[in-house]
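This is the structure we're talking about:
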């Protein structure tokens, strides 16, 4: 830890990165760390993400300063090449950052990973990893704690960390939420995070189209196999277009089938231009990370994982149903 502290002290140009399709934990932890570094007088700090993030995360201070690699590649590449310290937040493999991977790999900067996912791949030189932790945002808090700099957790830092922890724990209801998590949340509230305001900004900020998409998906596209404790929802590109889909509109949709009595395994399949994006969620004694890794080029946590399929939607559904019938 002392070595990482010295690296931060010496660094003149720092870049913070996170994974493609950034979620609340990715953006929350990245912006929180951005504000923290600014608070300790590290003035040349940038946040670079592979692509855009959901509209309901733009309330966070300086969210508009985040650089999207797919839109500002030339500027981002220069920042990577000039950086002397790169932080990798909320991802453990370069394949998770899409087109940014090559720029990060080739950068001469020292790389520090802060992450909580399973199966860490060794592309960084320093690691602050805990696969039992509920979120990368909590790990960022613990990282700041280890630096003995919690006095620099100002309101901006606290709000972003609160958002990251809240979203990755399903509003503090997942098993990875611990007593320590709640103690950290208490300190964040004491530091200025308005819990009710943050919850409203993220969860009570729906468009009409998003709610209608949710209703359509649950009414017409959810298939339940009660005897297997399994359910899935599939959405084609045409169906998404019917509801003027925007990034983030399907966020949390995969969790709804888990609220059905007896359902322990839920899957959301979303058709993209080149493949099928798949989200897995589970509870109790059912783990999805190995299933995602073995069958759908993915991975993640015990109860939450992602993957993809290069097959058509129909072929992917047939494969999924066949696997679940055993």
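In the working numbering, the protein residues as written are 56 to 381.
C-beta atoms are modelled at their ideal positions from N, C-alpha and C, and glycine is treated no differently.
Mind checking who residue 279 pairs with in its DSSP beta bridge?
-> Here residue 279 refers to the residue found at position 224 of the chain shown. Per DSSP, 286.
Any chance the segment 212-226 sits against the segment 61-74, with 3 or more Cβ pairs inside 8 Å?
-> no
Residue 170, enclosing beta strand (DSSP E) - first and last residue = Within the chain shown, numbered from 1, the residue matching residue 170 stands at position 115. Note, residue 170: beta strand (DSSP E), 165-170.
Buried or exposed for residue 150, please, with buried defined as at least 16 other CB atoms from any protein chain shown within 10 angstroms of its CB.
-> The residue given as residue 150 occupies position 95 in the chain shown. By the neighbour-count criterion, in which a residue is buried when 16 or more other Cβ atoms sit within 10 angstroms of its Cβ, residue 150 is exposed.
Residue 178 - DSSP class collapsed to helix/strand/coil | For this step, residue 178 is matched to residue 123 along the chain shown. Reduced to three states, the DSSP call for residue 178 is coil.
Taking the CB atoms as reference points, tell me whether residue 148 and residue 130 lie closer together than 7 Å.
-> Within the chain shown, residue 148 is the residue found at index 93, counting from 1. Within the chain shown, residue 130 is the residue found at index 75, counting from 1. Not in contact: residue 148 and residue 130 (Cβ atoms no closer than 7 Å).
Proximal residues to residue 368 (C-beta, below 8 Å), its chain only, five neighbours per side dropped | On the chain shown, position 313 is the one that residue 368 refers to. For residue 368, where only same-chain residues beyond five positions count, the Cβ hits under 8 Å are 289, 291, 324, 326 and 331.
Range of the contiguous alpha helix (DSSP H) that encloses residue 212 = Position 157 of the chain shown, counted from the start, is the residue given in the question as residue 212. For residue 212, the enclosing alpha helix (DSSP H) has its first and last residue at 210-223.
Residue 266 burial status per 10 Å Cβ neighbour count (16 or more: buried) = If you number the chain shown from 1, residue 266 lands on position 211. It is exposed - the Cβ of residue 266 has fewer than 16 other Cβ atoms within 10 Å.
Would residue 282 be called buried (16 or more neighbouring beta carbons within 10 Å of its own) or exposed?
-> Taking the first residue of the chain shown as position 1, residue 282 is located at position 227. Burial call: exposed.
Taking all protein chains shown into account, decide if residue 299 is buried (16 or more other Cβ within 10 angstroms of its Cβ) or exposed.
-> Counted from its first residue, the chain shown places residue 299 at position 244. Classification of residue 299: exposed, given that the 10 Å Cβ count is below 16.
Can the beta-carbon of residue 202 be found closer than 7 Å to that of residue 60?
-> Counting from 1 along the chain shown, the entry for residue 202 is found at position 147. Counting from 1 along the chain shown, the entry for residue 60 is found at position 5. Yes, these two residues count as a Cβ contact at 7 Å.
Which residues share a DSSP beta bridge with residue 360?
-> Stepping through the chain shown from its first residue, residue 360 is reached at position 305. Looking at the DSSP assignment, residue 360 forms a beta bridge with 335 and 355.
Segment limits, beta strand (DSSP E) that includes residue 102 = Within the chain shown, numbered from 1, the residue matching residue 102 stands at position 47. Run containing residue 102: 100-104, per the beta strand (DSSP E) assignment.
Beta carbon of residue 268, beta carbon of residue 304: below 7 Å?
-> As a first step, residue 268 must be located in the chain shown, where it is residue number 213. As a first step, residue 304 must be located in the chain shown, where it is residue number 249. Yes, these two residues count as a Cβ contact at 7 Å.
Report all residues from its chain with a CB closer than 7 Å to the CB of residue 351; omit the five preceding and five following residues, and keep chain order.
-> For the purposes of this step, residue 351 is identified with residue 296 of the chain shown, where counting begins at 1. Here the set comprises 333, 362, 363 and 364.
Which of helix, strand or coil does DSSP assign to residue 253?
-> As a first step, residue 253 must be located in the chain shown, where it is residue number 198. Correct three-state label for residue 253: helix.
Buried or exposed for residue 317, please, with buried defined as at least 16 other CB atoms from any protein chain shown within 10 angstroms of its CB.
-> Start at 1 with the first residue of the chain shown, and residue 317 comes out as number 262. Exposed is the call here.
Going by the CB atoms, is the gap between residue 135 and residue 179 shorter than 7 Å?
-> Counting from one through the chain shown, the residue named residue 179 turns up at place 124. Counting from one through the chain shown, the residue named residue 135 turns up at place 80. It is not a contact, given that the beta carbons lie outside the stated cut-off.
Inter-residue Cα distance where the pair is residue 80 and residue 98 | Within the chain shown, the letter at position 25 stands for residue 80. Within the chain shown, the letter at position 43 stands for residue 98. Each residue's Cα considered, the two are about 23 Å apart.
In terms of residue numbering, what span does the alpha helix (DSSP H) encompassing residue 240 cover?
-> Start at 1 with the first residue of the chain shown, and residue 240 comes out as number 185. Per DSSP, residue 240 belongs to the alpha helix (DSSP H) from 234-245.
Cβ pair count under 8 Å reaching 3, the segment 106-114 against the segment 140-147 = no
For my contact list, residue 219 and residue 192 are in at a C-beta cut-off of 8 Å; report their separation, rounded to the angstrom.
-> As a first step, residue 219 is located in the chain shown; it is residue number 164 there, counting from the start. As a first step, residue 192 is located in the chain shown; it is residue number 137 there, counting from the start. Contact holds; Cβ gap of about 3 Å.
To which residues of the same chain is residue 355 closer than 8 Å at the C-beta, ignoring the five residues directly before and after it?
-> Numbered from 1 along the chain shown, position 300 holds the residue referred to as residue 355. Hits under 8 Å: 172, 173, 335, 343, 344, 347 and 361.
Can residue 257 and residue 84 be called in contact, C-beta distance under 7 Å?
-> Here the question's residue 257 lines up with position 202 in the chain shown. Here the question's residue 84 lines up with position 29 in the chain shown. Contact: no.
Quick one: Cα of residue 205 to Cα of residue 197, how far?
-> Start at 1 with the first residue of the chain shown, and residue 205 comes out as number 150. Start at 1 with the first residue of the chain shown, and residue 197 comes out as number 142. Distance between the alpha carbons of residue 205 and residue 197: 9 Å.
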